[in-house]
Structure formats: structure tokens, C-alpha cells
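First comes the structure, then the notes that go with it.
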Amino acid sequence: MRLVSTLKRASLAFVSLFAASMILAPQAAAEPLPDDQLLNYKWNYDIGSQIMALKQGPVLHRSTVSFFNAPEIPQEARDAEARGKVLYGPGTPIFVHDFNGVPKSLCTLGIVGIDKAGRYVGITAAHCGGFGQKVSSADEQSIPPSGTIVGGNKARDYSVIVFDKKVAEVSRTYDGVTVNSLSGSANDGEQICKKGVGTGMTCGLNLVTSESVSFSQVCATQGDSGAPILRGDQLVGFLSGGMDIVPGMDTSCRTPLQGFLHSPAVVNTSEQVMADLNEHPDYPGYGLWLP
């Protein structure tokens, strides 16, 4: 089976922004933007959107390729924004900015913690962006970028983000998702779940686990890259990509109408990622622990 990325590594992360000309500019005070001015935050009221999302009433789209009802901005993020702070936790949607300051990729934060040097550190997928690119919360768009990609491992598809402690707040809980354990991997045949900005909370069976990756029937699509893969409150991996099961055909998960008929997800195990981080005592992320 051939790994691709769109869950095809690069295209899983890349999205066409609804208003690419809008740049998140610094503001003297944290004035939350109205919903209709937010990037990648569109409410839909038509019957077609409701059918595709299997939901009655307004449907929120945050990934341009997903028909799922996406996660709304949680109250804890709005409260932090009102204080001029940015809250990061497992499942926080993030923008990765290009070097001109324009948000270019929409991804999901897998985990945040504090490393041995006291830095606020987050982990997401490496294909979301490269060294030196700035990161902001897609849930708090009035506040400029407060994170920077400083390292990671492209072969294992994870990036390390360091957040500005003057602005950022980190938590092991975000929008109903709590992570109390960092290291682990899923057993074959057990149910695991993921929380991402593209498709929200979805669950499925872990199919098979190798030394560093696992394959599971968890629904995911563009925007979900880097999302935490969970067994209860234990982090067992980070969403990386998907498998090409029908050559030349996009079989990623776009709507709940698909059921289990979608590409299996490729997951980097948290056990392997944490072990890799802890091989480098001088690098950000070494000795990471939960806040």
C-alpha cells in the first residue's frame, strides 16, 4: 500500500483560505473578531449542508474539503482571548503562516506541554510547515502568532513548536479533550479516537501497529493533520496521513455519510515520538511533561 498525503502528507495540511488577503495583525487589545470575519469559519444554513453533515440546523465548515460539522470555538478560548492570552491544548486548531505573515496551512495541535528547560512546547505534523514558520491559534484570530516551529523530525512527520510564554497559556484540556498520559500506542483491534478541526471527534478501530506507525479506520481529512489520537485520556499517536486504497481516487473522509468507507488513517505513535524527543537533551521538547 502506498502512503499518500491528503490525508496525502502535504495536501492534508494545505487549505484554500476563505479570505487569503486577510492577515492577522497585532492589536493593542484583544478584541475578538465576529464569526463572519474569521478565516476558515463559515456557518452554512442550507439543507444540502445539513444532509452532508447528518445534522439538523446550522453547520460549521472550517476545512474547505470537509462537509462535517466542525468544532466551534470553545468558551475557554474566547475567555483567554478577552484577556489578551492564547490558550493551547490537545486538538487546538492552528494556522501555520508563510514568511510574509499570511496563514497558509490549517492543522491541529496534538499536544502541548512544558519541556525540561521550561519552554511551552507543542507537537503537530511536520508537513504542516517548516523551521522558522510562525504559528497562531485559529480559535483566537485577533491575536498575532505566538508560536514558532523550531524543530522536529520529517521522517516521523512531527514538528516541535515553541510558544511565547508572555502570551500563551497551555493546558492538558481543550474543548472537551483531556490528555493525562503522553506515551503509548494502540493495540490492534481496539477503538481509538481523534479530535481535529476538519472532522471533529471521530472514532474507529486501530487496524495494525508497527514499530513507529499505526493504521486505523479513523475518519480524518485536510485540517486534521497533527491531531491527537486518543485511547480515553491517553495519547497514543498523532495523525499523519492516509493510505491510497484506490489508485487515482480520493477516498479521504469528507462526510459522515461515508461511514467506514474511507482511507485508513496513518498515525505516528506517541511512544515513538516521545522517545525521539528524549534522544536530544539540548533540543526543545526534551523531557516534555503535561501542564
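Each residue of the sequence shown is one higher than the last, beginning at 1221 in our numbering. All C-beta atoms in this analysis are idealised placements derived from N, C-alpha and C, irrespective of residue type, glycine included.
Endpoints, beta strand (DSSP E) assigned at residue i
{"i": "G1462", "result": "Q1454 to D1464"}
{"i": "Q1411", "result": "Q1411 to G1416"}
{"i": "V1390", "result": "A1388 to V1390"}
{"i": "C1423", "result": "G1420 to T1429"}
{"i": "Y1340", "result": "Y1340 to T1344"}
{"i": "V1322", "result": "Run containing V1322: none; DSSP gives neither H nor E here."}
{"i": "G1446", "result": "First-last for G1446: undefined, no H or E at that position."}
{"i": "H1281", "result": "V1279 to H1281"}
{"i": "S1436", "result": "V1433 to S1436"}
Rounded distance between the beta-carbons of residue j and residue i, thought under 8 Å
{"i": "G1446", "j": "F1458", "result": "6 Å"}
{"i": "V1380", "j": "I1334", "result": "The pair is not a contact, with the Cβ atoms about 13 Å apart (cut-off 8 Å)."}
{"i": "G1367", "j": "F1351", "result": "Not a contact, Cβ separation roughly 13 Å."}
{"i": "P1501", "j": "V1370", "result": "Wrong, their Cβ atoms sit about 15 Å apart, outside the cutoff."}
{"i": "A1297", "j": "Y1340", "result": "Between Y1340 and A1297 the Cβ distance is about 16 Å, and since that is not below 8 Å, they are no contact."}
{"i": "Q1361", "j": "V1316", "result": "Actually they do not touch by this definition, with Cβ atoms about 14 Å apart."}
Where the alpha helix (DSSP H) through residue i begins and ends
{"i": "M1494", "result": "S1490 to L1497"}
{"i": "M1272", "result": "I1267 to A1273"}
{"i": "R1298", "result": "Q1295 to A1302"}
Proximity of residue i and residue j at Cβ, strictly below 9 Å
{"i": "A1273", "j": "I1314", "result": "no"}
{"i": "A1337", "j": "S1403", "result": "no"}
{"i": "E1449", "j": "S1483", "result": "Looking at the sequence itself, residue 1449 is Ile, so the reference to Glu does not match. No; because the gap between Cβ atoms is not below 9 Å, this pair is not in contact."}
{"i": "A1485", "j": "G1462", "result": "yes"}
{"i": "V1285", "j": "T1398", "result": "no"}
{"i": "I1363", "j": "L1455", "result": "no"}
{"i": "P1278", "j": "Y1265", "result": "yes"}
{"i": "T1328", "j": "D1470", "result": "no"}
{"i": "I1271", "j": "L1481", "result": "no"}
Below-9 Å beta-carbon distance, residue i vs any chain C residue
{"i": "I1343", "result": "Looking at the structure shown, chain C is missing, and only one protein chain is on hand."}
Does the pairing of the stretch 1284 to 1303 with the stretch 1415 to 1423 give three or more beta-carbon distances under 8 Å? yes
Quick check for students: name the residue ranges of the beta strand (DSSP E) that lie wholly in the stretch 1350 to 1382, counting only runs of 3 or more. 1354 to 1357 and 1367 to 1373
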